[in-house]
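Q: First the structure, which I've put down as structure tokens, then a few questions once you've had a look.
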Amino acid sequence: MTLRADLHAVAGELDVEVSISAEAGRPLALAGPSGAGKTTVLRAIAGLAPAAGRIECGGETWLDGETGLTPEARRCGVVFQDYALFPQLDALGNVAFGLRFLPRRERARRALAALERFGLGARAHSRPAQLSGGERQRVALARALAIEPRALLLDEPLSALDPTTRGGARRELAAVVREAPVPVLLVTHDFTEAALLADEVAVMDAGHIVQRGTPTALAAAPASAFVANLTGASVLRGMARRRADGLTVVALDGGGEVASTDSGDGAVAVSVFPWDVALEPAGAAGHGSARNRVPARVTTVTTLGNRVRVGLEAPQPLVAEVTGPGAGALHLEPGREVVAAWKATATRLLPG
Amino acid sequence: MTRAFSAALIVALALGVAFLALPVVALLVDVPPADLVRRLDDGASLDALRLSLQTTAIALAAIVAIGTPAAYLLATRRFPGRSAIETVLELPLVLPPAVAGIALLSAFGPQGLLGGALDGAGLEVALTTTGVVLAQAFVASPLYVRQAQAAFAALDPTVLEAARTLGASPAGAFVRVAVPLARPALLSGAALAWGRALGEFGATLIVAGSFRGVSQTAPLAIYELFGSDFDAALALSVVLLAVSVALLAAIKLARPAAA
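Protein chains in written order, with this note's numbering: chain C, 76 to 427; chain S, 516 to 774.
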């Protein structure tokens, strides 16, 4: 099942023109700064914002030229940024809202099952105002999925949550969007979030997609300084354990070990900014203060003005940013073996 | 300086409260509750109360049925002429009731613009109960429509969009989401409008006259009794006062839920 959209829409002063496609099992993220037109694209696909062009989903045509199906005929499951729950209805009522086509008893049964899937069975009779931010987000997800939507659209699904709730919610959401039997499109201003939730990222700037690819490819070989800045940190996965000296040590999936001053336990995501990663020749002794030293092979070299983005396989994808002269001295080119080094203090841990 | 200012504020409030509350207290002092029922026990008072309840109920039903969707349109769509329409809808608030009565007659009266058409449909307005309802609906509708429009305009549009993505048509989103969310404000608007309709005097007198059982509503009966039987006029006034207080209480109770 595939969602394809070639559309033109207007958001205030901004002309939005994009062409995207997402298939079930491979979530697509639209990433970019606020005001880039991401939400407009999502709303146009849901039928909530006027657009021209062509939108198809699972063999159905939703928009052809200027004429399109109504939002209720498209049946997109939408999770809005502030969730847009119905305040006058309890959690069960919110989820049952979209199940009008079912007989009453079946409706309640299905709504409760959807809530239970997100661990909210006991909160079925609480109103949105009585729920925590994380619970509201899960009710919104349950409500969007209960209607068996033809596509799942998420607008900044984690931004309304406080940092302590966000890690767990992100883990849960990553599973939901990959298991969803329909195309998933999510919108976020946070590239790390996009990288953790989506298999493919389209970066938007000023109404247009400026680059698309896997999160790793974008971070390693950004087409512009804009994308380089947006992509920010590299993310590695591993298992954390606390060490006696107070540092947390993470055994990286696929080999290697790094230390962090952050605390963490069990499955974690390690993040490090490219400009914090230094490159040294393979086999260098490393007398500096950088505690983390990982052997890596260069995969891509991209010059962006006076800096050079270097994509690495360590063996997980990692990105370093060095100066032009630095890159020249190391003879960086794809296939070359190097050592990536960075400090434990520059190593952030996120719940994986 | 601040002390003197505070004192001035307190005096102003005390004067205001005394001025507004004293007549009400006087009304209650003049009519011992035991006397109330006896004094009302003449046909004219009860007929007037019954007529008032019937006509205001019909007027209010019409206001709510037409005013709610009209207010929703005004609150949720932008279109040319919208503020002109708002002005027209608010005009009855400032129009002197006597002028409203004359205006209604020149529109719907026997010689009025639509008089012929209404006659053909068997609807007579002048000197009839229909005219009473018309006058009440005319003066009371802005109170409801304004409240309803403000309540609908304050709704989070995303919640209505969420309803659409969950399969609701525009009408479904209105009935299942907008109206329930605006209900406290709609109820208090309806209570205000009802209070205004119940007190309607000038326009009713001009359009429908003051005929017992046909067009003599409670306020008109008070005026007539005032000339002949002051005690009965007082008693009827107390009944209307009680209704007003009850309405106000209902509005106050409906408000917090809206917050």
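Every residue, glycine too, gets a C-beta built ideally from N, C-alpha and C. Owing to the predicted nature of the structure, the values given are computational and were not obtained by experimental measurement.
Along chain C, in chain order, which residues have C-beta atoms closer than 9 Å to that of S:Pro695?
A: Start at 1 with the first residue of the second sequence, and residue 695 of chain S comes out as number 180. Simply Phe161, Gln163 and Leu164.
Q: Around the C-beta of C:Thr239, are 16 or more other C-beta atoms found within 10 angstroms, so that it is buried, or is it exposed?
A: On the first sequence, position 164 is the one that residue 239 of chain C refers to. So C:Thr239 ends up on the exposed side.
Q: Can you tell me whether DSSP reads C:Val91 as helix, strand or coil?
A: For the purposes of this step, residue 91 of chain C is taken as the residue at position 16 of the first sequence. Three-state DSSP puts C:Val91 in a strand.
Q: With C:Thr323 as the anchor, note down where its beta strand (DSSP E) starts and where it stops.
A: For this step, residue 323 of chain C is matched to residue 248 along the first sequence. Thr323 to Leu327 is the span of the beta strand (DSSP E), which, as asked, contains C:Thr323.
Q: What residue does the alpha helix (DSSP H) around C:Asp280 start on, and which one ends it?
A: Here residue 280 of chain C refers to the residue found at position 205 when the first sequence is read from its first residue. Here C:Asp280 belongs to no alpha helix (DSSP H); instead the beta strand (DSSP E) covers Glu275 to Asp280.
Q: Should C:Leu293 go down as buried or exposed, given a rule of 16 or more other Cβ atoms within 10 Å for buried?
A: Here residue 293 of chain C is taken as the residue at index 218 of the first sequence, counted from 1. It is buried - the Cβ of C:Leu293 has at least 16 other Cβ atoms within 10 Å.
Q: C:Leu229 and C:Val154 - do their beta-carbons sit closer together than 7 Å?
A: Here residue 154 of chain C refers to the residue found at position 79 of the first sequence. Here residue 229 of chain C refers to the residue found at position 154 of the first sequence. Yes.
Q: Going along the chain, which residues of the stretch 129–151 of chain C sit with their C-beta nearer than 7 Å to a C-beta in chain S?
A: Answer set for the stretch 129–151 of chain C: Pro146, Glu147, Arg150 and Cys151.
Q: What are the residues in the stretch 169–185 of chain C lying within 8 Å of chain S by C-beta distance?
A: Hits within the stretch, in order: Phe172, Gly173, Arg175 and Phe176.
Q: Using DSSP's beta-bridge definition, name the partner residues of C:Gln286.
A: Stepping through the first sequence from its first residue, residue 286 of chain C is reached at position 211. Beta-bridge pairing links C:Gln286 to C:Val278.
Q: Please specify which runs of the beta strand (DSSP E), each continuous and at least 3 residues long, are wholly inside the stretch 140–219 of chain C, giving them in chain order.
A: Entirely contained in the stretch 140–219 of chain C, the beta strand (DSSP E) runs reaching 3 residues are, in chain order, 151–154.
Q: Could you spell out the range, first to last residue, of the alpha helix (DSSP H) harbouring S:Ser743?
A: Position 228 of the second sequence holds residue 743 of chain S. Run containing S:Ser743: Ala733 to Ser743, per the alpha helix (DSSP H) assignment.
Q: Mind checking the stretch 97–127 of chain C against chain S and listing, in chain order, the residues whose C-beta falls within less than 9 Å of any C-beta there?
A: Listed by position, the residues of the stretch 97–127 of chain C near chain S (Cβ gap below 9 Å) are Arg118, Ala121, Gly122 and Leu123.
Q: Taking 7 Å as the CB-CB limit, is S:Thr680 close to chain C?
A: If you number the second sequence from 1, residue 680 of chain S lands on position 165. Yes, because at least one Cβ of chain C sits closer than 7 Å to the Cβ of S:Thr680.
Q: Just tell me which of S:Leu707, S:Leu735 and S:Val754 has its CA closest to the CA of S:Leu608.
A: To locate residue 608 of chain S, count along the second sequence from 1; it is residue 93. Nearest option by C-alpha distance: S:Leu707.
Q: Report the residues of the stretch 374–385 of chain C with a CB closer than 8 Å to any CB of chain S, ordered along the chain.
A: Going along the stretch 374–385 of chain C in chain order, one finds no residue with a Cβ nearer than 8 Å to chain S.
Q: Taking 7 Å as the threshold (beta carbon to beta carbon), is S:Ala677 in contact with chain C?
A: Within the second sequence, numbered from 1, the residue matching residue 677 of chain S stands at position 162. Yes, contact with chain C.
Q: For S:Ser621, would you say it is in contact with chain C, using Cβ-to-Cβ distances shorter than 7 Å as the test?
A: In the second sequence, residue 621 of chain S corresponds to position 106, counting from 1. Closer than 7 Å: no.
Q: Since C:Val259 meets chain S, which of its residues come closer than 8 Å, beta carbon to beta carbon?
A: Indexing the first sequence from 1 puts residue 259 of chain C at position 184. Correct list: empty, because the minimum Cβ distance to chain S is about 15 Å.
Q: Any beta-carbon of chain C closer than 7 Å to the one on S:Val782?
A: Residue 782 of chain S falls outside the range modelled here, since chain S spans only 516 to 774, and no answer is possible.
Q: Any beta-carbon of chain C closer than 7 Å to the one on S:Ser567?
A: Here residue 567 of chain S is taken as the residue at index 52 of the second sequence, counted from 1. No, its Cβ sits nowhere closer than 7 Å to a Cβ of chain C.
Q: With 7 Å as the C-beta to C-beta threshold (strictly closer), list the residues of the stretch 543–576 of chain S near chain C in chain order.
A: So nothing in the stretch comes that close.
Q: If contacts are defined as beta-carbon pairs under 8 Å, then C:Ala298 and C:Gln286 qualify, I think. What distance do you get, rounded to the angstrom?
A: Numbered from its first residue, the first sequence carries residue 298 of chain C at position 223. Numbered from its first residue, the first sequence carries residue 286 of chain C at position 211. About 4 Å; that satisfies the 8 Å criterion.
Q: Please state whether DSSP places S:Leu608 in a helix, a strand or coil.
A: For the purposes of this step, residue 608 of chain S is taken as residue 93 along the second sequence, with counting starting at 1. It is helical.
Q: CB-CB under 6 Å to S:Asp746, same chain, minus the five flanking residues each way: which ones, in chain order?
A: Here residue 746 of chain S refers to the residue found at position 231 when the second sequence is read from its first residue. Correct list, in chain order: Arg554.
Q: Measuring only the C-alpha atoms, how far is C:Glu247 from S:Arg592?
A: Taking the first residue of the first sequence as position 1, residue 247 of chain C is located at position 172. Taking the first residue of the second sequence as position 1, residue 592 of chain S is located at position 77. So the alpha carbons of these two residues sit roughly 39 Å apart.
Q: Within the chosen definition, does the stretch 521–534 of chain S reach the stretch 736–756 of chain S through at least 3 CB pairs nearer than 8 Å?
A: Verdict: no, contact absent.
Q: Could you give the C-beta distance for C:Thr378 and C:Gly399, rounded to a whole number, given that I count them as a contact under 8 Å?
A: On the first sequence, residue 378 of chain C is found 303 positions in, with the first residue counted as 1. On the first sequence, residue 399 of chain C is found 324 positions in, with the first residue counted as 1. Contact holds; Cβ gap of about 7 Å.
Q: Considering only the alpha carbon of each residue, which of C:Ser234, C:Ala97, C:Leu216 and C:Val324 lies closest to C:Ala250?
A: In the first sequence, residue 250 of chain C corresponds to position 175, counting from 1. Here the closest residue by C-alpha is C:Leu216.
Q: Give every residue of the same chain whose Cβ lies closer than 6 Å to the Cβ of S:Glu605, excluding the five residues on either side of it in the sequence, and list them in chain order.
A: Stepping through the second sequence from its first residue, residue 605 of chain S is reached at position 90. Correct list, in chain order: Pro657.
Q: Under three-state DSSP, which class holds S:Ser752?
A: For the purposes of this step, residue 752 of chain S is taken as residue 237 along the second sequence, with counting starting at 1. Residue state, collapsed to three classes: helix.
Q: Mind checking whether C:Leu167 and C:Ala197 have CB atoms under 7 Å apart?
A: Mapped onto the first sequence, residue 167 of chain C falls at position 92. Mapped onto the first sequence, residue 197 of chain C falls at position 122. Not in contact: C:Leu167 and C:Ala197 (Cβ atoms no closer than 7 Å).
Q: Would you call C:Ile130 buried or exposed, if buried means 16 or more other Cβ atoms sit within 10 Å of its Cβ?
A: In the first sequence, counting from the first residue as 1, residue 130 of chain C sits at position 55. Label assigned to C:Ile130: buried.
Q: Name the chain C residues that come within less than 7 Å of S:Ser684, Cβ to Cβ?
A: Position 169 of the second sequence, counted from the start, is the residue given in the question as residue 684 of chain S. Those within 7 Å of S:Ser684 in chain C are Glu147.
Q: Between C:Val85 and chain S, is the shortest Cβ-Cβ distance under 7 Å, so that the two count as touching?
A: Position 10 of the first sequence, counted from the first residue, corresponds to residue 85 of chain C. C:Val85 does not count as touching chain S.
Q: What does the Cβ neighbour count give for S:Leu537, buried or exposed, with the cut at 16 atoms within 10 Å?
A: Reading the second sequence from its first residue, position 22 is the one you call residue 537 of chain S. Per the 10 Å Cβ criterion, exposed.
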